Amino acid sequence: MRSIRAAAAVAVTLTTLAGATACGGGSDPSGGGSNASPKTLTYWASNQGPDIPADKRILTPELKKFEKQTGIKVKLEVVPWADLLKRILGATTSGQGPDVLNIGNTWSASLQATGALLPWNKANFAAIGGRDRFVEAAVASAGAPKKDPAAVPLYSLSYALYYNKKMFADAGIAKPPATWDELVADGRKISKNGTSGKWGLGAEGGNLSENIHQAFVLGKQHGADFFDASGKPTFTSPGAVAAVKQYVDLMGKDKVIAPGNAEYAQNQSLSDFSKGRTAMVLWQAAASTFAAQGMKPQDWGAAPAPVESGTPGQGKNVNSMVAGINMAVFKNTKNTKGALKFVKFMTSDEEQKILNKAYGAVPPVTAAQSDPAFNVPGVKVLKDTLTQSAAPLPQVASESQFETTVGTAIKELWADAAAGKTITTASVKSKLTKAQQQMTQ
Amino acid sequence: MTSPPSPEPQSVTRGSAAPLLLESTSQLPPAAGGDALKSGGARRPRTPRIPDRIRRGGLPYLLLLPALVLELLIHILPMVIGIVMSFRGLTQFFIRDWNRAPWTGLHNFRIAVDFNAPIGEALLHSFYVTCAFTVLAVGLSWLIGTGVAILLQEDFRGRGLLRTVFLIPYALPAYTAIITWAFMFQRDNGLVNHVLHDQLGITDKPSFWLIGDNSFYALVIVAVWKSWPFAFLMVMAALQNIPRELYEAAAIDGAGMWQQIRKITLPSLRSVNQVLVLVLFLWTFNDFNTPYVLFGKSAPEAADLVSIHIYQSSFDTWNFGSGSAMSVLLLLFLLLVTAVYLIFTSRGRKSADV
Numbered sequence: 002m003r004s005i006r007a008a009a010a011v012a013v014t015l016t017t018l019a020g021a022t023a024c025g026g027g028s029d030p031s032g033g034g035s036n037a038s039p040k041t042l043t044y045w046a047s048n049q050g051p052d053i054p055a056d057k058r059i060l061t062p063e064l065k066k067f068e069k070q071t072g073i074k075v076k077l078e079v080v081p082w083a084d085l086l087k088r089i090l091g092a093t094t095s096g097q098g099p100d101v102l103n104i105g106n107t108w109s110a111s112l113q114a115t116g117a118l119l120p121w122n123k124a125n126f127a128a129i130g131g132r133d134r135f136v137e138a139a140v141a142s143a144g145a146p147k148k149d150p151a152a153v154p155l156y157s158l159s160y161a162l163y164y165n166k167k168m169f170a171d172a173g174i175a176k177p178p179a180t181w182d183e184l185v186a187d188g189r190k191i192s193k194n195g196t197s198g199k200w201g202l203g204a205e206g207g208n209l210s211e212n213i214h215q216a217f218v219l220g221k222q223h224g225a226d227f228f229d230a231s232g233k234p235t236f237t238s239p240g241a242v243a244a245v246k247q248y249v250d251l252m253g254k255d256k257v258i259a260p261g262n263a264e265y266a267q268n269q270s271l272s273d274f275s276k277g278r279t280a281m282v283l284w285q286a287a288a289s290t291f292a293a294q295g296m297k298p299q300d301w302g303a304a305p306a307p308v309e310s311g312t313p314g315q316g317k318n319v320n321s322m323v324a325g326i327n328m329a330v331f332k333n334t335k336n337t338k339g340a341l342k343f344v345k346f347m348t349s350d351e352e353q354k355i356l357n358k359a360y361g362a363v364p365p366v367t368a369a370q371s372d373p374a375f376n377v378p379g380v381k382v383l384k385d386t387l388t389q390s391a392a393p394l395p396q397v398a399s400e401s402q403f404e405t406t407v408g409t410a411i412k413e414l415w416a417d418a419a420a421g422k423t424i425t426t427a428s429v430k431s432k433l434t435k436a437q438q439q440m441t442q
Numbered sequence: 204m205t206s207p208p209s210p211e212p213q214s215v216t217r218g219s220a221a222p223l224l225l226e227s228t229s230q231l232p233p234a235a236g237g238d239a240l241k242s243g244g245a246r247r248p249r250t251p252r253i254p255d256r257i258r259r260g261g262l263p264y265l266l267l268l269p270a271l272v273l274e275l276l277i278h279i280l281p282m283v284i285g286i287v288m289s290f291r292g293l294t295q296f297f298i299r300d301w302n303r304a305p306w307t308g309l310h311n312f313r314i315a316v317d318f319n320a321p322i323g324e325a326l327l328h329s330f331y332v333t334c335a336f337t338v339l340a341v342g343l344s345w346l347i348g349t350g351v352a353i354l355l356q357e358d359f360r361g362r363g364l365l366r367t368v369f370l371i372p373y374a375l376p377a378y379t380a381i382i383t384w385a386f387m388f389q390r391d392n393g394l395v396n397h398v399l400h401d402q403l404g405i406t407d408k409p410s411f412w413l414i415g416d417n418s419f420y421a422l423v424i425v426a427v428w429k430s431w432p433f434a435f436l437m438v439m440a441a442l443q444n445i446p447r448e449l450y451e452a453a454a455i456d457g458a459g460m461w462q463q464i465r466k467i468t469l470p471s472l473r474s475v476n477q478v479l480v481l482v483l484f485l486w487t488f489n490d491f492n493t494p495y496v497l498f499g500k501s502a503p504e505a506a507d508l509v510s511i512h513i514y515q516s517s518f519d520t521w522n523f524g525s526g527s528a529m530s531v532l533l534l535l536f537l538l539l540v541t542a543v544y545l546i547f548t549s550r551g552r553k554s555a556d557v
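Shown next, in the form of structure tokens:
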């Protein structure tokens with residue numbers, strides 16, 4: 002009996018332990034596409050609308066239209082953001098992916114490195130009407146420089162400064178701030194060093210991607226990049242350190258961001274804004290959320306995100322990252338021709354207008370941008386930013402690592418600032434040094 | 204045997220038939236005995252011919268076989284793959300065909316245990332955090348579970364209801380329960396600060412629970428809340444097996460409640476506790492759900508458990524080789540602790556048996 006009990010104990014132990022190392026994968030011998038099954042396509046759409054049923058409502062009639070035109074049936078699956086990257090990695094490993102899929106544009110270079118996505122060379126671009134139909138900044142955010150893009154832009158977004166008109170009027174502020182100094186001054190008028198119960202600006206300190214987006218833009222404004230030309234991380238350059246410090250100082254030193262924002266990661270800063278607790282947020286296309294939370298369009302205004310001085314533009318006056326969703330074709334597809342047709346359909350002028358209107362985004366297709374729907378105040382700011390003063394995040398294979406390491410470093414700095422610790426150049430530099438040393442590639 | 208033994212079936216049974224067969228014939232009425240045995244003999248070719256030697260020694264293993272095969276497929280094989288991965292430079296460049304990932308030998312392990320460099324340093328830090336977390340969470344879960352189980356031994360009105368209520372944390376889906384805790388721990392709108400600060404005035408200003416140093420305690424609280432009902436359930440079941448007479452006898456001899464617990468209850472729980480503590484230890488040490496749902500994919504430094512750390516290395520920074528190496532190290536550590544624990548406790552049991 003004892004030996005059996007021992008065997009059972011060992012079995013139980015192994016079972017429990019095995020979970021720790023159980024992460025396997027398969028391999029996929031086949032490359033390239035074919036046209037073995039020309040009449041069907043599977044499409045993984047990222048969750049863009051308020052919820053998944055809303056996405057299905059928006060997309061289904063368009064997919065029906067495509068089926069009518071081409072006879073190709075598209076099986077739609079809307080994938081939540083939190084799952085999408087993992088799903089793509091799984092599909093890449095197993096080789097069993099959808100034919101066409103949406104990817105976040107900041108992942109482009111990382112996913113491109115896996116070799117799982119169809120490269121958009123001249124021929125493929127020609128099949129959908131040519132590369133020059135798209136806004137160049139959007140195409141530049143779809144893959145590493147000097148390589149064929151890994152995807153095609155589908156919906157574009159950029160950051161704008163949203164402000165509460167009534168709170169501004171109450172504090173005697175006539176117009177939205179255009180520079181960071183003005184933002185801090187306005188924010189102080191509202192927060193009064195945190196004694197008014199109201200705050201100047203909102204932030205999402207626990208959201209790694211948000212941290213990265215703002216740090217990247219501020220880095221540009223300090224003349225710094227987080228990667229050098231060869232793709233090596235340069236997180237500790239004086240400009241990068243100054244950028245991160247400036248961002249976190251908005252809470253620690255300037256006291257225009259509420260300490261509680263340090264733990265926000267579920268868009269709580271937007272509900273604070275809707276409830277009149279904070280006067281400003283830096284956000285991409287917030288209009289539909291404000292409406293859902295009971296704000297009327299005349300309650301808020303949108304202005305270009307602040308710069309150091311002057312007006313937004315290229316170089317040091319970049320005030321947004323190029324945000325957006327791209328459309329990629331899985332290299333393993335059994336229906337390359339159909340997939341290209343589908344991408345062509347989704348990026349056609351007409352569909353671009355319909356879809357971007359539905360999602361409150363800006364079409365990355367130049368010809369579609371002239372539609373009056375993209376010239377209403379809130380959307381026009383996003384569109385102008387996108388075409389004039391936005392820059393794509395570093396398109397390097399280790400972008401995903403950058404988001405994790407630097408995003409976490411900034412999250413920790415927020416926590417320190419919220420706890421009342423002084424943030425110094427040295428403390429910022431030490432966090433960023435640690436982040437850089439964790440980059441292993 | 205009710206029927207007179209006849210030479211024929213005797214010789215048959217001695218050769219290969221199972222005692223089961225004889226037992227079943229013994230259930231038959233005596234009159235039919237001989238026929239039954241004969242017909243039993245006629246059916247014999249259909250019963251498996253398993254030699255005694257194998258049957259005695261091998262049957263348990265035969266019965267374990269299906270489980271072992273599944274175990275092999277579901278756990279051991281992925282584990283072996285994980286170990287193979289740990290020797291490779293498996294990054295996003297190779298996940299499409301990970302057989303192409305270059306062999307890097309012990310490189311991943313060397314980086315993981317280089318405690319002077321940031322990656323090793325961070326791993327060591329998360330290891331310490333995990334150890335402290337495990338000791339606290341397992342200790343408290345066991346203490347609370349055992350205490351409550353002993354208290355609920357007394358029969359009183361509403362005991363059944365209380366027992367059910369106490370099992371709720373164990374029955375709730377982990378995600379739902381933990382996300383509710385995350386809401387309660389929010390600084391500005393959370394229930395915890397509302398009670399501690401607004402109502403009781405214990406803290407002079409609202410504290411952070413999901414970031415900074417307090418996050419460790421938030422993690423322990425949720426983990427204990429989640430796992431003590433399991434300890435309670437196990438101990439409660441074990442307590443049912445202690446004869447009441449022991450307590451009555453002890454009470455007659457003048458033993459107080461504390462003495463009864465110390466001299467009767469705890470020793471009787473010994474074997475259950477051995478398994479309970481081991482299982483709680485393994486679950487808690489490997490706990491992924493609690494920190495992940497509570498803090499998201501990047502936990503605060505004070506609550507950076509090894510499981511989250513490995514997840515980040517693998518899936519957020521796309522360095523699967525390095526993540527696998529860390530998993531293997533964790534596996535080795537847990538195997539070592541488990542082995543030492545089993546040796547230690549079984550030695551204790553042996554001396555207790557004597």
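Going line by line, the protein sequences match chains A and B. In short: position in the first sequence from 1, add 1, done, that's my numbering. In short: position in the second sequence from 1, add 203, done, that's my numbering. We put the CB at the ideal spot given by N, CA and C, even for glycine. Only a predicted model underlies this, so the values are computations on that prediction, with no experimental measurement involved.
If I'm right that residue i touches residue j with Cβ under 8 Å, what's the distance once you round it to whole angstroms?
i: A:Val-218; j: A:Ser-321; result: 6 Å
i: A:Ile-73; j: A:Lys-342; result: 7 Å
i: B:Pro-503; j: A:Gln-439; result: Actually they are not in contact, since the Cβ atoms of B:Pro-503 and A:Gln-439 sit about 16 Å apart, beyond 8 Å.
Would residue i count as contacting chain A if we go by Cβ distances under 8 Å?
i: B:Phe-518; result: yes
i: B:Leu-413; result: yes
i: B:Ile-322; result: yes
i: B:Gly-404; result: no
i: B:Gln-389; result: yes
i: B:Ser-344; result: no
i: B:Arg-299; result: yes
i: B:Gly-260; result: no
i: B:Trp-521; result: yes
i: B:Glu-448; result: no
Since residue i is in the beta strand (DSSP E), which residue starts that stretch and which ends it?
i: A:Gly-488; result: Lying outside 2 to 442, the shown extent of chain A, residue 488 of chain A is not represented and no answer is given.
i: B:Ile-298; result: Taken as a continuous stretch (DSSP letters only), B:Ile-298 belongs to no beta strand (DSSP E), as it is neither H nor E.
i: A:Ala-244; result: It is not in any beta strand (DSSP E) - A:Ala-244 instead sits in the alpha helix (DSSP H) that spans 239-253.
i: A:Ala-74; result: Looking at the sequence shown, residue 74 of chain A is not Ala but Lys. Start and end: 74-80.
i: A:Val-101; result: 101-105
i: B:Leu-364; result: Taken as a continuous stretch (DSSP letters only), B:Leu-364 belongs to no beta strand (DSSP E), being part of the alpha helix (DSSP H) at 362-374.
i: A:Val-153; result: 153-158
Which two residues bound the contiguous alpha helix (DSSP H) that contains residue i?
i: A:Lys-190; result: 181-192
i: A:Gly-325; result: Segment 324-330 is the beta strand (DSSP E) holding A:Gly-325; no alpha helix (DSSP H) there.
i: A:Trp-45; result: No alpha helix (DSSP H) holds A:Trp-45; the beta strand (DSSP E) holding it covers 41-47.
i: A:Met-281; result: Where A:Met-281 is concerned, there is no enclosing alpha helix (DSSP H), although the beta strand (DSSP E) it sits in stretches over 279-285.
Compare the C-beta of residue i with all C-beta atoms of chain B and state if any pair is closer than 8 Å.
i: A:Lys-412; result: yes
i: A:Ala-143; result: no
i: A:Gly-339; result: no
i: A:Ser-275; result: no
i: A:Gly-196; result: According to the sequence as given, residue 196 of chain A is Thr; it is not Gly. Taking Cβ atoms only, chain B never reaches closer than 8 Å to A:Thr-196, which makes this a no.
i: A:Glu-264; result: yes
i: A:Ser-428; result: no
i: A:Thr-367; result: no
i: A:Leu-251; result: no
Return the residue from the list the options that minimises the CA-CA distance to residue i.
i: A:Val-429; options: A:Gly-253, A:Thr-388 and A:Leu-158; result: A:Gly-253
i: B:Phe-491; options: B:Tyr-378, B:His-397, B:Leu-354 and B:Ala-335; result: B:Tyr-378
i: B:Trp-301; options: A:Gly-105, A:Leu-90, A:Val-101 and A:Asn-106; result: A:Leu-90
i: B:Leu-293; options: B:Tyr-420, B:His-512 and B:Trp-306; result: B:Trp-306
i: B:Asn-489; options: B:Ser-329, B:Glu-357 and B:Ala-380; result: B:Ser-329
i: B:Gln-389; options: A:Ser-399, A:Gly-261, A:Pro-177 and A:Asp-350; result: A:Gly-261
i: A:Ser-272; options: A:Asp-255, A:Lys-256, A:Ala-292 and A:Lys-335; result: A:Ala-292
i: A:Gly-198; options: A:Thr-425, A:Ala-304 and A:Val-257; result: A:Val-257
i: A:Asp-385; options: A:Val-363, A:Arg-58 and A:Ser-109; result: A:Val-363
i: B:Pro-409; options: A:Thr-426, A:Lys-435, A:Gly-421 and A:Ala-436; result: A:Gly-421
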